[in-house]
Each structure stands twice: as structure tokens, then as C-alpha cells.
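Trainee:
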Amino acid sequence: MDTDQPKENHLNITKNRSSTPEGNELRQVQGRTPCSKFKRVHSNFKSPVRSAKVSPEEEVSELQRRREQLDSEIALLEAEGYNVEELECHIDKLHEYNNIKDIGQSLLGRIAALRGTTTRDLYSHFGLDLDD
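Using UniProt numbering, the letters of the sequence shown map in sequence onto residues 1 to 132.
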């Protein structure tokens with residue numbers, strides 16, 4: 001077996017000098033796609049979603065149409081008896097509830113870790129419903 005010659009491998013490895021606090025060092029960087037039939041393997045990412053070029057006038061008219069649609073939905077909700085300030089207060093209370101619930105979940109997780117049990121077991125121990 002001849003060990004003097006480097007073995008042929010299929011990895012695209014280049015040597016780069018990188019500057020580190022310890023000084024310059026030589027490191028090997030492995031390419032993403034070593035054996036590719038494509039010429040520009042390392043080209044920039046191109047999104048598969050093609051966005052149509054829209055003129056500013058078309059964009060403005062679309063935004064105005066969307067605003068009119070939202071205004072009509074707001075008017076319909078107000079006609080049903082909903083109040084914007086009341087809804088905002090309700091949303092704020094839901095955010096506060098979710099934050100408090102997240103803190104409770106975190107505490108239950110820590111207690112479970114300290115006791116070496118699961119949070120599911122702690123729910124039954126503290127009389128909590130799993131759907132809470």
C-alpha cells in the first residue's frame with residue numbers, strides 16, 4: 001500500500017487562511033456540493049416563489065381596496081355590538097393570561113426536573129387539568 005500519495009476523495013476541500021485571536025492558522029473548508037453537474041454550485045440562493053413586478057399605482061390601489069374591505073368588516077362588527085376599545089382590552093387580557101400561563105408552565109417544568117418526574121405527574125399532583 002502506497003502511503004506517500006494522497007488518497008483521492010470526492011470532497012471539495014479548499015484551504016483558507018483565517019485570522020483568529022491566536023494568529024493566522026490554516027484550516028480546511030469543505031464545499032457544500034462536491035460533485036455536481038451544475039456549473040455554479042455555490043451561487044446565491046434564488047427563491048422558488050416568483051413575485052410579480054407590480055407598479056406603485058397598482059400597489060396603492062390594492063392597499064386602498066384592502067383598507068375599504070377592513071373598514072367594512074369593522075363596521076359590520078360594530079353593528080353587531082362589538083366595541084373597538086372593548087376588543088383591545090380583551091386582547092390585552094389574553095396576552096397577560098398567556099404570559100402568566102407560560103410562567104406557570106416554566107415553573108412546573110423546573111419543579112418536575114428537581115423532583116425527577118414529569119410535568120404530567122405534577123398536573124395530577126396539583127389538581128390541574130391537562131387541557132389547562
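We put the beta carbon where it would ideally sit given N, CA and C, even for glycine.
1) Quick check: what's the CA-CA separation for residue 61 versus residue 68?
2) Can you tell me the Cα-Cα spacing of residue 79 and residue 73, whole angstroms?
3) Out of curiosity, what's the CA-to-CA distance linking residue 105 and residue 119?
4) Once the 5 residues before and after residue 123 are set aside, which same chain residues still bring their CB inside 6 Å of it?
5) Expressed to the nearest angstrom, what Euclidean distance is found between the alpha-carbon atoms of residue 126 and residue 97?
6) What would DSSP say about residue 83, mapped onto helix, strand or coil?
7) For residue 113, which three-state DSSP category applies?
Mentor: Once the coordinates are examined:
1) What you label residue 61 is simply residue 61 of the sequence shown in a count that begins at 1. What you label residue 68 is simply residue 68 of the sequence shown in a count that begins at 1. Straight-line Cα distance between these residues: approximately 11 Å.
2) Locating residue 79 in the sequence shown gives position 79, counting from the first residue. Locating residue 73 in the sequence shown gives position 73, counting from the first residue. In this structure, the straight-line span from the alpha carbon of residue 79 to that of residue 73 is close to 10 Å.
3) Reading the sequence shown from its first residue, position 105 is the one you call residue 105. Reading the sequence shown from its first residue, position 119 is the one you call residue 119. In this structure, the CA atom of residue 105 is about 9 Å from the CA atom of residue 119.
4) As a first step, residue 123 is located in the sequence shown; it is residue number 123 there, counting from the start. 130.
5) Walking along the sequence shown from the start, residue 126 turns up at place 126. Walking along the sequence shown from the start, residue 97 turns up at place 97. In this model, residue 126 and residue 97 are separated by some 19 Å (Cα to Cα).
6) One-based indexing of the sequence shown puts residue 83 at position 83. Looking at residue 83 - three-state DSSP - the assignment turns out to be coil, as it is neither helix nor strand.
7) Position 113 of the sequence shown, counted from the first residue, corresponds to residue 113. Here residue 113 sits in helix by DSSP.
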